[in-house]
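Have a look at the structure below, then the notes.
In my numbering, the protein residues as written are -9 to 887.
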């Protein structure tokens, strides 16, 4: 039988216990029981309480120590709880052989831990032998609660005694020399508690002569605040000359384990604080990203409908105001959003780097707020901008043409209406009924001249109708009035045709009765009518409005005008010839003494009207010259604006392209330290920013071009839109490159990578980056890993690609490569480590309470955990129990928080 009193039989080195001869142990045990039966009572109570302190973790307990262990089931459960290991599956039968087999499994496990059991057999335990059961429990306590105690190279009992002496040394009336009478007055128990938790006990109020009060105070405080169950009665200790040493040692070992875990709890709390601080910071960054992304997307969502609004305006002034509003948007509203978009990408990259450095899963923004989503929306915005600007310019051209056509319509309509004025009255008169033969002939010739004039005006009427039709097709805002006027002209023209035909028929019926005709008048009328019509057409052309967009067009108009002027001498000869006919009429009449009764009967065109119109033409020609020259000067000025913009654009465009290529080359080269590269890149960025006045100058030139309504530029292939996009891409690229270097510095500092290692990583990466794009495909990356000493199978390579390319883009960046290389060689916190830390705080329980979290962690982080931990639902769950395991795995992305 095991010696249950010789607790110093364990080796001081902390190894397996060494036991006495079984007969000596049994005699000693029997002698003790005979001398002091109170010891067995104390041991029963203490050992029962100690067993229950562990069994309650499994949701059970014992009432009678020799009865409840007889079937071996709770004995095996006790060993599983205190060791944390699984024992063989117990037998559930109720026969004696089943119970013996279960107890043997428990005894075999104890023996496997280096304990030699002497005279303790399964049959005695099954038979309820109290001495053997107590002996077995004491053996378990020695092995699992006392043997591993080590203080200053002493262990087991000596180590526990030395620990008690050190902790109680400063207290008066306390002198711990053993585990029996040194504890009778209760002051040693109170001193241990006060040393570690001074707020629980007012030690100065305790009296050595009141042991019952001292013992009960210590037992109650330990049970209430330290989770140490009450294992002894104060009356039993005071009423015994020499308290049971094993009971005292068992109870005191609970204090040792409770207080020795304080440092572990602090360490665990610090680890948890560190992990939670990183997680809280990352959550703040995620919230900031989500808000900034939401605001930017909302701005884009509100802006695109405005840019897609194609409601046409009626006047040029209204469209010009729309164009000015669009320019204000480009100058004032959009630039801050460009900066926000760039900052959003930088924040996203920084957050992903921090998550990788803290061994957290990559951040996946909420649906619709990915960087790619924002880039897509931004692309839609720029597309809408381009379409809106093109639409406005087309609308301005349309309105300009509409104004020109409307004015042309009014001029031609006014001329035609002026010509037709009185024509209906003339065609409906009955003057031929009382006229002489000569007068009738004259009326007939006059009518023929009118028909010639009418035919000449047919083209003008067709032009008026064509212009009205074009105004309708171009959706002219005042089309109803144009249509009404055109309809009136057409109806009047049809009426004139009918009246003309009717009058001709009447004159022809009368012609047979009329014989004389004045050939000279007729010749005058026939020549004067087309000449008069030519002069009217010339005046109309000389006063016609024109619109041109380049020098070639105005030069074409000038050439046509010069050609017109070259025909004037011939026209003047025709005018003189016509006037000569009239002069000949006067000469003949005067010579023959003929009294002319009136004017030329064949035409209303008088020599005076011909001269007046000729003088009018002569006045309009220099006016037309001046107008054409002014337009030529305007087009030359526009051409100067084109050349000025083109000269600057042809410099800025290649400059932007060169800078983009230089940044691409810098991003894959590695000259100097990362800090040197960062300084150089920021200086490079500053030099780019200092180039901004050239862009502003181009914007000013572009505005002048738009104000001059210049729509093309043959001197350059660059448009302001292309240069704006190139400039924004240049700023974004340099900012992104600087951010990549900053992230590399973060990685280097966090992972402890030397400059030489980083240089070696960059050299290796550049060697396999065949296209010099700063990223490589899967095949080149696999070759790079093999070249750096990694032996890869398909499964291992798939695992690595899941780390460096979580979004399955098929490309690996340099930042992802160095993150992987540093990750493989750097120790980081894991979910298992955090779970182990929480388990220490929870006193080895599978759950933790809010009170324990608030006691061990800072307030804000304790509340952070409480708010996010789910209720614990295990078999040993209690009210208020929280599940720290799922919480810990969620921190590392292994499940949802």
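All residues carry an ideal CB built from backbone N, CA and C; glycine is no exception.
Proximity of residue i and residue j at Cβ, strictly below 8 Å
i: residue 618; j: residue 700; result: no
i: residue 240; j: residue 110; result: no
i: residue 265; j: residue 671; result: no
i: residue 376; j: residue 697; result: no
i: residue 796; j: residue 208; result: no
i: residue 367; j: residue 287; result: yes
i: residue 519; j: residue 408; result: no
i: residue 211; j: residue 190; result: yes
i: residue 472; j: residue 399; result: yes
i: residue 66; j: residue 96; result: yes
i: residue 268; j: residue 169; result: no
i: residue 35; j: residue 60; result: no
i: residue 312; j: residue 467; result: no
i: residue 834; j: residue 48; result: no
i: residue 364; j: residue 729; result: no
i: residue 851; j: residue 41; result: no
i: residue 150; j: residue 215; result: no
i: residue 182; j: residue 196; result: no
i: residue 107; j: residue 33; result: no
i: residue 629; j: residue 541; result: yes
i: residue 625; j: residue 715; result: no
i: residue 94; j: residue 63; result: no
i: residue 550; j: residue 479; result: no
i: residue 198; j: residue 163; result: yes
i: residue 141; j: residue 153; result: yes
Backbone CA spacing between residue i and residue j [nearest angstrom]
i: residue 261; j: residue 839; result: 18 Å
i: residue 38; j: residue 114; result: 18 Å
i: residue 455; j: residue 476; result: 6 Å
i: residue 792; j: residue 734; result: 20 Å
i: residue 823; j: residue 258; result: 9 Å
i: residue 704; j: residue 802; result: 43 Å
i: residue 326; j: residue 382; result: 24 Å
i: residue 761; j: residue 661; result: 20 Å
i: residue 307; j: residue 765; result: 52 Å
i: residue 891; j: residue 653; result: Look at the range of the chain in this structure, -9 to 887, and you will see that residue 891 is not part of it.
i: residue 1; j: residue 236; result: Because residue 1 sits at a pLDDT of 30, beneath the cut-off of 50, its placement in the model cannot be relied upon, and the point is left open.
i: residue 556; j: residue 565; result: 15 Å
i: residue 175; j: residue 135; result: 25 Å
i: residue 430; j: residue 526; result: 29 Å
i: residue 595; j: residue 552; result: 28 Å
i: residue 521; j: residue 636; result: 50 Å
i: residue 249; j: residue 854; result: 27 Å
i: residue 600; j: residue 559; result: 15 Å
i: residue 643; j: residue 708; result: 7 Å
i: residue 523; j: residue 465; result: 33 Å
i: residue 76; j: residue 70; result: 6 Å
Per-residue DSSP class, three states only, for residue i
i: residue 217; result: coil
i: residue 141; result: strand
i: residue 396; result: helix
i: residue 861; result: strand
i: residue 889; result: There is simply no residue 889 to check, as the chain begins at -9 and stops at 887 in what is shown.
i: residue 839; result: strand
i: residue 270; result: helix
i: residue 550; result: helix
i: residue 867; result: coil
i: residue 484; result: helix
i: residue 51; result: coil
i: residue 766; result: strand
i: residue 58; result: helix
Pairing CB atoms from the segment 524 to 541 with CB atoms from the segment 569 to 579, are three or more of them under 8 Å? Counting Cβ pairs under 8 Å, fewer than three are found: no touch.
Scan the segment 403 to 481 and note each continuous beta strand (DSSP E) run of 3 residues or more that stays entirely inside, going in chain order. none
Going residue by residue through the segment 775 to 837, where are the continuous alpha helix (DSSP H) segments of at least 4 residues, counting only ones entirely within it? Listed in chain order, the alpha helix (DSSP H) elements of length 4 or more contained wholly in the segment 775 to 837 are 784 to 794, 804 to 815 and 821 to 831.
Check whether the segment 667 to 686 touches the segment 719 to 728, taking contact to mean three or more Cβ pairs, one atom from each stretch, closer than 8 Å. yes
Which runs of the alpha helix (DSSP H) spanning at least 4 residues fall entirely within the segment 564 to 625, listed in chain order? none
Give, in chain order, every unbroken run of the alpha helix (DSSP H) that is at least 4 residues long and sits entirely within the segment 132 to 189. 146 to 158 and 177 to 186
When you compare the segment 433 to 441 with the segment 510 to 524, are there three or more beta-carbon pairs, one atom per stretch, that lie closer than 8 Å? yes
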